[in-house]
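Those letters in the sequence shown? Residues 1 to 1203, per the UniProt record's numbering, in order.
What follows is a single structure, written as structure tokens, with notes after it.
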Amino acid sequence: MLSLCFSFRQRQRRNRRKFRNPLGAVLGVLVYAVVNILCKMQTVAFVEVALSSGRGRKNTPLGRTEVCNKNDSGRASEMYSSTSSTEQAIAKSNAPRRLTTDNGNIKSERNNYNDNGKKYERSPKEMNNRQRRRNQHHTTSGTRSSECQRITKELDAIRSPPGIKDWITDTIWQHQQNSTLQSPSPWAGWNVHEQVSFVKYLRQRNAYASIVPFLSGLDPNPSDREMDKDNSLRPGKSSRTQNHLVKVYTTALFALSACTDSGQQDWNHGLDTKPMVLEILDQMDRNHIPATTLTYVAIFKNLQGRPADVAQMIRFLEQRERNLAPKAKNPGKLWDAEVYHAAIYACRSHSNRFRRTSRSSDNGYGSRNESMNPNFDNKDWQTAIALMQQMQSKGVSPTSQTYLAVLEVFGQHPSKMAVMKSIIQQWKNSKAAGVCNNEEDDRIWATALNACAVAGDYCQALKFIEEMMSEGCAPNLRHCTALLKAISGAKGYPQDQLAMTALNAMMGNETAALETQDGDNGKDYRVLLPCTDLDIVALNTVLSIVVKAGNFEDAMVLFNRIKRGKFRNAAGGMITPDRITYHNLLAGSSDPETAKRIVKEMRLSRRNRNGAIPPTSVTYAHAISTCQRAKTPDLSTVNQLMKWASEDGVKHTVFMYASAIWTAQRCGDLSRCLELYEEMERTGCRANSVVMNGILTALCDRGANASALNAFHLMKDRGFQVSPIALKRLVFLTIQSKKNQLTEKEKEATLSAILDRLDPQERTVKISSPVFEALICIHASRGDIDQALSVADKINGTFDAACLRAILLAYSTGPKSLWSDAVELLHTTIIEESPAPGKVDQIALSHTLTTCSRANEFEESLSLLSLYGIPVNELPDGFPHLSIVALNALIAACGRCGRPDLSIFVLNEISSRYGLRPDSRSYRSAMIACNKAQHAEKARNSNNSQETTNDEMDGEYALQWWECSLALYRRMTEEGLKPDVQTHSSIISSCEAAGEWQRALWVLQSIIDKSADEPDDATPSLNVYCWNAALSACEKGGAWVEALDLYERMLESPFQPNVVTINSMMEALDKADQKELAQSIYDEGLELGILHPWKETTDKDGTPIMALDLHNFSESMARAAVRKTMDNWLDEKDETGGGLSGDFVIITGKGKHSASHPVLQRVTKQVFREEYGIEAAVDKSNSGRLVISTGDLLELYSGKSWR
């Protein structure tokens, strides 16, 4: 006892500052006394491992204790409660003195029974041997301790963990080279306490990679490895050595598990402990060291966050036990509940308290193994369920800790709420059956509520609270805080009202009840929370909810109540605001003056000796961010806040600079942005991507194209990622810059250079969509579909709406044969934000309709329209609708394919179904379709052919399409749309095809009357085609008088006749047998230079001649041309036929475009034969020519028969 007190006094002097609380000192004495007693029983290794490797607060020395504040309603008592599972595992070890647990406390009792259940009594010889070994241990402990201290001091001089590993490896090699030494290493002869202490020393130095080499030097002496014939270990010294070594190996495994904790040195990042664990197990197998339950617990602690490795390790350990079954004393008894608890806990992901910044992540060490990331393997909850089932199959009943471990795994998967509810129901059934106790009720319900908080499922959280209260477990502050967090993430609920109601209920207001309705069964829930203790965390949660709801005034009221001390904690003390309270207010403030006032209040709080909350860099960052996101950014307040921070000695952080630069950018002050950036570089504050994006955006807003590109390349040189906003501004500056007008090739080159600098993870539509869209549109404008598709192939991931529109636009301007590729792309691309069926973007659908319509695939267009088209009134606000251009293209495609009925159907659907207003092009396309159908009907009537390929279609084509044209014309004018020239000509042409010359003249006259009231610079509504259509209508109707009148009016109008005009007039006069008038019209056409019948050609010998070309002449024009030529020739000749140079050649054509035989040849021969008595012969060298020989002409002239 003297040595005990002396050692305690030394420890007390070293830790005097730690024991300010007398109660803590007393507890420290008791704990230290218990530890020294356990050291006498040679079980100190187990206790130290349990206390240093448990799930409580890490690195707590054995001789120290902490007085926990129990005012947190159970939180302090839970700080070390999770280590009871490890202590229970220690109690089950096969030591001479057995450790047992009683309500979480450790006590020692002598094991008086052997493995067969019989009472065990030691012989006098065994008692003497035991005392002799104890005396020998105390005799040699001093020498070995000095050796351990010497090595420890030598390693203290080595700074890096890799250097420690090299020193251990070299020491083992040098020790083995010395043949005089029997041990494999200097530390092989240490006692178990020294070896365990050295393992802990390596852990404190973060030399985890040195643990395995250290253990390789602990092989037992050859004398301690004597084996019987059956290869079983002898009792005595060898068994005792193995009992000591298993403690060392177990301690090493627990030490390795600390490597997976966050916050270690950079050389331990990426260090995988799984191969090291397997190496330790191999050493234990080689040295025939049996594992204990605590060994398995330590193994699974090294597999934290790796469910696949956990399942693999279980199979490996089971196979290992089967291989060692003949040698093991208690095969299969190591798998108790604590081992399964450790395995299930290992399925959880790492709880990273310290998040690595982007700067520290680029240090070359990389991130942790991907298999340790829970997002990499999403089967952790499945593995946990499988482990619990395997546990039951082996006869181990799940306890409350088992269900708690499984629920903590499910707490990371809020989407698996249904499975979690099933686990909770199983736990409740187990409690009802008496299998589980009530020790973990509080933590189980807290875990379930925390899962609801992560998922934002307020309804389920309230249901859990109701079930919890029905089970007799009263909610405490921890549960209510989780409920408040669930309210914070709830959608569709008045969050601020619910939070204030919950706060009033926690304060004891019995009328403040929370209500909700279950959407599954429609059941109403009404829960009154019990009166619980409050703390500043709960109040901050409520304050953040009110701020998040946008109710800043109520947040200020709650803040003032906190300041005035209206809330009390469990001890009756006044709850005062902390720094988080002020930060919550700043986060919800949108007024720069309010933010400035809050910061000023925090500065003035330094006058108070107690409760001073001076502003920090985070405070100033929040305040400057308020100035940035204000409706009117306040740069002057930002400058004042930056000045205050300098006066307060607060170092300007990159977050403060980033918010200040973005505020200056919003204010359009580029010079201030550059000043802040230069100040950052001068003070050594390294800029991040937010700062550089702010500079880039400010340069783009100013129109500095060259400087913006330089800033972009500087960002990429430093490895920063460009934000979508900055990249969009840069692309807009490149394409539509008014200061620097770039050609299309320069734009393409600039955008291609930007795309090449983007990293693979940046080549997604979420970041780089403007670049891809602009490049694809440039190629689409040139019709280069191949280049557009090559740019689209560089997109990583799926397309967004903008990129899909650009690609389909390229298809609409490319070859018509690619319409099927466009349809396939539309079908296979999903736009998540689109409300259309199949998640199809309406603009993309419009481009696809245009592509199919260009290829005359109107049926495919109609199918796409019926599948994905959405009326405008059914679209949410802000979503694009179908393009009227695409619908017009579909109307035109139906008309070109001979389906005017579908053209009119789509025209009517534009307004009735899709809620759009047809434009002039819509009506024009429909009228052109009707005109074409009417001409087709005329052609069928003229050929006396009524055969159709579709009987139903024949009935539709029997309609009077000219009447549809007139109806559409009236409807168009009533809607205030102005018809264009093509529309007018189509209407008149349809009337002409139907023989309705009166309608045609009426339409023409109405057009002339309307155009008379238009200004002189207005777009003309008539052209020569309208006049020709009206003349053709009169010709078809036999109204030669009206045609002649119309012709005279046309000569007086700005529109001059053409060949078609002369042809129509002569046809009308010729049908009326008005030859003289027809001939006069022909003569007038020659005088006006409209007709040019003579053509220079060659005869059969190749001699140049002039021939009368009757190509494209009608019958009447051909007759008039022959008469005019013959009369002129005969009038100019004398009796000798002077001036005749050769044969008279007439080009009539071969009649390829005639229905039966050449028409013009027949008419021409008839004129020569009947009027001049000459037989025109067909040229033998060219069947499309008629030849009148010179002799026939002279004979005609000499005979004067023409007179």
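Just so you know, even glycine gets a beta-carbon here, dropped at the ideal spot from N, CA and C.
C-beta contact flag for residue 388 and residue 424 at 8 Å = Their beta carbons are not under 8 Å apart, which means residue 388 does not touch residue 424 by this criterion.
Decide if the segment 1024-1040 is in contact with the segment 975-988; the criterion is three or more beta carbon pairs, one per stretch, under 8 Å apart.
-> Judged by Cβ distances under 8 Å, the segment 1024-1040 makes contact with the segment 975-988, as three or more pairs qualify.
Exposure of residue 472, with buried meaning 16 or more beta-carbon neighbours within 10 Å | Counting the other CB atoms within 10 Å of its CB gives residue 472 a total below 16, which places it among the exposed residues.
Span separating the alpha-carbon of residue 665 from that of residue 968 | Their backbone Cα atoms lie some 55 Å apart in a straight line.
Give the DSSP-derived three-state secondary structure of residue 1188 in the structure shown.
-> When DSSP states are grouped into helix, strand and coil, residue 1188 belongs to the strand group.
Check whether residue 913 and residue 888 have beta carbons under 8 Å apart | Cβ distance not < 8 Å, so residue 913 and residue 888 don't count as in contact.
Spatial neighbours of residue 977 in its chain, beta-carbon cut-off 6 Å, leaving aside the 5 residues before and after | If we look at residue 977 and ignore the five residues flanking it on each side, its Cβ neighbours are 920.
Would you list the one or two residues that DSSP bridges to residue 208?
-> None; residue 208 has no bridge partner.
Is it true that the CB of residue 618 sits closer than 8 Å to the CB of residue 661?
-> Residue 661 is not a Cβ neighbour of residue 618, given a cutoff of 8 Å.
Beta-carbon proximity check, residue 819 vs residue 851, cutoff 8 Å | Their beta carbons are under 8 Å apart, which means residue 819 touches residue 851 by this criterion.
Evaluate residue 1081 with the Cβ neighbour count: other Cβ atoms within 10 Å of its Cβ, from every protein chain shown; 16 or more gives buried, anything less gives exposed.
-> Counting the other CB atoms within 10 Å of its CB gives residue 1081 a total of 16 or more, which places it among the buried residues.
Are residue 816 and residue 763 touching if we call contact CB-CB under 8 Å?
-> No.
Burial state of residue 348, where buried means 16 or more other Cβ atoms lie within 10 Å = Around the beta carbon of residue 348, a 10 Å sphere encloses 16 or more other beta carbons of the protein chains shown; the residue is thus reported as buried.
Would you give the residue range spanned by the beta strand (DSSP E) that residue 1106 belongs to?
-> Taken as a continuous stretch (DSSP letters only), the beta strand (DSSP E) holding residue 1106 covers 1104-1109.
For the 8 Å Cβ check, are there 3 or more pairs between the segment 622-632 and the segment 649-660?
-> Result yes; three or more Cβ-Cβ pairs closer than 8 Å.
By the 10 Å Cβ neighbour count, where 16 or more other Cβ atoms means buried, how is residue 1111 classified, buried or exposed?
-> Taking all protein chains in view, the Cβ of residue 1111 is surrounded by fewer than 16 other Cβ atoms within 10 Å, so the residue is classified as exposed.
Contact the segment 834-847 vs the segment 785-802: 3+ CB pairs below 8 Å | Yes: the two stretches touch, three or more of their Cβ pairs being nearer than 8 Å.
Which residues share a DSSP beta bridge with residue 1178?
-> Answer by DSSP bridge pairing, in chain order: 1186.
Inter-residue spacing [alpha-carbon to alpha-carbon] between residue 507 and residue 534 | If you draw a straight line from the Cα of residue 507 to the Cα of residue 534, it comes to about 8 Å.
Give the C-beta separation of residue 1059 and residue 1115 to the nearest angstrom, bearing in mind that I take them to be a contact with Cβ-Cβ under 8 Å.
-> With a contact defined as Cβ atoms closer than 8 Å, residue 1059 and residue 1115 miss out at about 15 Å.
Could you name the residues that DSSP lists as bridge partners for residue 692?
-> Paired residues: none, contrary to the question.
Would you kindly check if the distance between the Cβ of residue 540 and the Cβ of residue 594 is under 8 Å?
-> Not closer than 8 Å, so no.
Measure the CB-CB distance between residue 1260 and residue 280 and report whether it falls below 8 Å.
-> Given a span of 1 to 1203 for the chain in the structure shown, any question on residue 1260 remains unanswerable.
Going by Cα to Cα distance, which pick from 246, 294, 278 and 304 is closest to residue 259?
-> The option with the nearest alpha carbon to residue 259 is 304.
Leaving out five residues before and five after residue 904 in sequence, what residues of the same chain have Cβ atoms less than 7 Å from its Cβ?
-> Correct list, in chain order: 926 and 964.
Can you grab the Cα-Cα spacing for the pair residue 698 / residue 517, in whole Å?
-> Whole-angstrom Cα-Cα distance: 50 Å.
Quick one: measure Cβ to Cβ for residue 549 and residue 634, integer angstroms, because I've assumed they're closer than 8 Å.
-> Contact flag wrong, Cβ pair sits at about 24 Å.
Span of the alpha helix (DSSP H), counted from its first residue to its last, around residue 333 = First-last for residue 333: undefined, no H or E at that position.
Determine the direct distance from the alpha carbon of residue 1055 to that of residue 1103, and round the result to whole angstroms.
-> Taking the straight line from one Cα to the other gives about 41 Å.
Between residue 480 and the rest of its own chain, which residues show a CB-CB distance below 8 Å, the 5 nearest in sequence each way excluded?
-> Taking residue 480 as the centre and dropping the five residues before and after it, the same chain places the C-beta of 502, 506, 529, 532 and 538 closer than 8 Å to its C-beta, in chain order.
Please classify residue 309: is it buried, with 16 or more other beta-carbons within 10 angstroms of its beta-carbon, or exposed?
-> Looking at its Cβ environment, which holds 16 or more other Cβ atoms inside 10 Å, residue 309 is buried.
Cβ-Cβ distance between residue 451 and residue 402 below 8 Å = Going by C-beta atoms, residue 451 is not nearer than 8 Å to residue 402.
Going along the chain, which residues of its own chain have a beta-carbon closer than 6 Å to the beta-carbon of residue 653, five neighbours each way excluded?
-> Counting only Cβ-Cβ distances below 6 Å, and skipping sequence neighbours, we find 617.
How many angstroms separate the CA atom of residue 1277 from the CA atom of residue 159?
-> No answer is possible for residue 1277: the residues shown for the chain start at 1 and end at 1203.
Below 7 Å CB to CB, which residues in the same chain sit around residue 1125 once its five sequence neighbours on both sides are set aside?
-> The residues 1108, in chain order, have a CB closer than 7 Å to that of residue 1125 in the same chain once the five nearest residues on each side in sequence are set aside.
Would you mind listing the alpha helix (DSSP H) stretches within the UniProt repeat "PPR" (535-569) that are 4+ residues and don't spill past its ends, in chain order?
-> Segments of the alpha helix (DSSP H) lying fully in the UniProt repeat "PPR" (535-569): 536-548 and 552-563.
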